[in-house]
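Structure, as structure tokens:
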Amino acid sequence: AVATGAFAILFIMIAFWLSWRPDQDADDEFVAAIRKGEFIPYYQPVMDIETGGLRGCEVLIRWRRADGTIVSPGQFMQYAETSGHIFEMTRQIMRTTILEVGALYQANPDLKLSVNLFAGHFEDRRIIEDLIEIYGNSPIAYSQIVLEVTERQPLRDMNVARKIIAEMQSLGIRVALDDAGTGHGGLAYLQKLGIDIIKIDKMFVDALGSDASSAPIVDMLVELAGNLGMGIIAEGVETMEQIGRLRELGVTSAQGYIFAPPLPGHLYVQLAEALTSG
Ligand code: C2E
Ligand code: CA
Ligand code: CA
Ligand code: CA
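FYI, the numbering for the sequence shown is 253 to 530, going by UniProt numbering.
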């Protein structure tokens, strides 16, 4: 009986070691990547589709590995979020935006910079402290910053999220509902959270033109945004036909591969300097 017990304990220890070690290695690698500054911002231009002017950009995180490989967020964001490393990663990319595009934004006060947050950022005031520490007295004004809250993830406490959003807004920062029409909140989010800007998900933009049923959804989002005094941006625009349909529906801001993919900082600055007068 003693031998069996010892065997069982040994077995459990080995099983534990096997299941734990690889995760630990992966986490060590991730922490090292954060320490080495391998998580960096890319910038996707947001265009005014009436004038062809530049409105600003959306910041999209990338993992630039030591060998130069660029890894997309689909490969690591889930781990970043569940491990909690996302908080430090977000601070890092926000700090880097100041170094890379601070001068451009100071020279062009109308340019907007949109940063993605995840649901966990709307659970306590830590994000407010980070924003003040990073963007307070920086060349990028609060009035140039937009923070995106996705409708794909549920918010744990709507009242807490509402308060955090109100604090962001009292600084002069605006808040956008990302992936609108796809997720948890539905339209209740817009009013309850006090959203400033609606981002129309690519899913609806894709269907414009090919699928007549998506135009009424875009139409409704545009009307809603108008009635509630919110801005509106279309995501994932890939064709001229979609631009035409969006303009007919009254959407004036858009981003997508037809204009530009997410760009490294120096290329976004080059593009912006060519498109702006500042
Ligand atoms: P998202 O916020 O909806 O970002 C838009 C995604 O669509 C980006 O993918 C962008 O590269 C891609 N995209 C833009 N235009 C087009 C287009 O015309 N066609 C197609 N097919 N795709 C287009 P990306 O950069 O891989 O990011 C994926 C998601 O990862 C983001 O979706 C966002 O949810 C998340 N993410 C990215 N950066 C951050 C970050 O810094 N923080 C947080 N919390 N999440 C982030
Ligand atoms: Ca986004
Ligand atoms: Ca989106
Ligand atoms: Ca210029």
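All C-beta atoms in this analysis are idealised placements derived from N, C-alpha and C, irrespective of residue type, glycine included.
Quick caveat: nothing in here was measured; it's all calculated off a predicted structure.
Cut-off 7 Å between Cβ atoms - residues of its own chain near E340, not counting five sequence neighbours on either side: Against the sequence shown, residue 340 aligns to sequence position 88. Around E340: I286.
With 16 other Cβ atoms within 10 Å as the buried cut-off, status of D448: Residue mapping note: residue 448 aligns to position 196 of the sequence shown, counting from 1. D448 comes out buried.
Closer than 5 Å to ligand 1: residues, by C-beta to nearest heavy atom, in chain order: L312, I313, S324, P325, N368, F370, G488, E490, G508, Y509, P514
Cut-off 7 Å between Cβ atoms - residues of its own chain near P516, not counting five sequence neighbours on either side: Along the sequence shown, read from residue 1 onward, the residue named residue 516 stands at position 264. Y294.
Paired residues, beta bridge with S366 - DSSP: Here residue 366 refers to the residue found at position 114 of the sequence shown. Beta-bridge pairing links S366 to E310, V398.
Rounded C-alpha distance that separates L498 from V457: As a first step, residue 498 must be located in the sequence shown, where it is residue number 246. As a first step, residue 457 must be located in the sequence shown, where it is residue number 205. If you take the alpha carbons of L498 and V457, they lie about 8 Å apart.
Spatial distance of V412 from M420 (CA atoms): For the purposes of this step, residue 412 is taken as residue 160 along the sequence shown, with counting starting at 1. For the purposes of this step, residue 420 is taken as residue 168 along the sequence shown, with counting starting at 1. Using only the alpha carbons, I get a separation of about 13 Å.
Between the CA atoms of I416 and F374 - distance to the nearest angstrom: Counting from 1 along the sequence shown, the entry for residue 374 is found at position 122. Counting from 1 along the sequence shown, the entry for residue 416 is found at position 164. F374 and I416: Cα-Cα distance of roughly 6 Å.
Rounded separation between A459 and E302 - CA only: By 1-based counting over the sequence shown, the position of residue 459 is 207. By 1-based counting over the sequence shown, the position of residue 302 is 50. One C-alpha to the other measures close to 21 Å.
Check whether A428 and E400 have beta carbons under 7 Å apart: Position 176 of the sequence shown, counted from the start, is the residue given in the question as residue 428. Position 148 of the sequence shown, counted from the start, is the residue given in the question as residue 400. Cβ distance < 7 Å, so A428 and E400 count as in contact.
Collapsed DSSP secondary structure at G326 in the structure displayed: Stepping through the sequence shown from its first residue, residue 326 is reached at position 74. Helix at G326.
For Q296: DSSP bridge partner residues: Translated into positions along the sequence shown, residue 296 becomes position 44. E310.
DSSP state of F511 mapped onto helix, strand, coil: Within the sequence shown, residue 511 is the residue found at index 259, counting from 1. Secondary structure at F511: coil, using DSSP grouped into helix, strand and coil.
Proximal residues to I386 (C-beta, below 8 Å), its chain only, five neighbours per side dropped: If you number the sequence shown from 1, residue 386 lands on position 134. Once the five neighbours on either side are set aside, the close Cβ partners of I386 are R343, M346, R347, I350.
Coarse secondary structure for I350, derived from DSSP in three states: Mapped onto the sequence shown, residue 350 falls at position 98. If DSSP states are grouped into helix, strand and coil, I350 belongs with the helices.
Ligand 6 heavy atom lying under 6 Å from the CB of D275: This structure lacks ligand 6; the ligands present are ligand 1, ligand 2, ligand 3 and ligand 4.
Per DSSP, cross-strand counterpart(s) of L519: Walking along the sequence shown from the start, residue 519 turns up at place 267. Paired residue(s): none; L519 is not in a bridge.
Through-space distance from E281 to W269, alpha-carbon basis: Position 17 of the sequence shown holds residue 269. Position 29 of the sequence shown holds residue 281. Each residue's alpha carbon lies about 18 Å from the other.
DSSP beta-bridge partners of K451: Counting from one through the sequence shown, the residue named residue 451 turns up at place 199. Beta-bridge pairing links K451 to I485.
G488 versus G496 - alpha carbon distance: Taking the first residue of the sequence shown as position 1, residue 488 is located at position 236. Taking the first residue of the sequence shown as position 1, residue 496 is located at position 244. Taking the straight line from one Cα to the other gives about 14 Å.
Close Cβ partners of D430 (< 6 Å) along its chain, the five nearest in sequence each way excluded: Counting from one through the sequence shown, the residue named residue 430 turns up at place 178. If we look at D430 and ignore the five residues flanking it on each side, its Cβ neighbours are E400, T402, K451.
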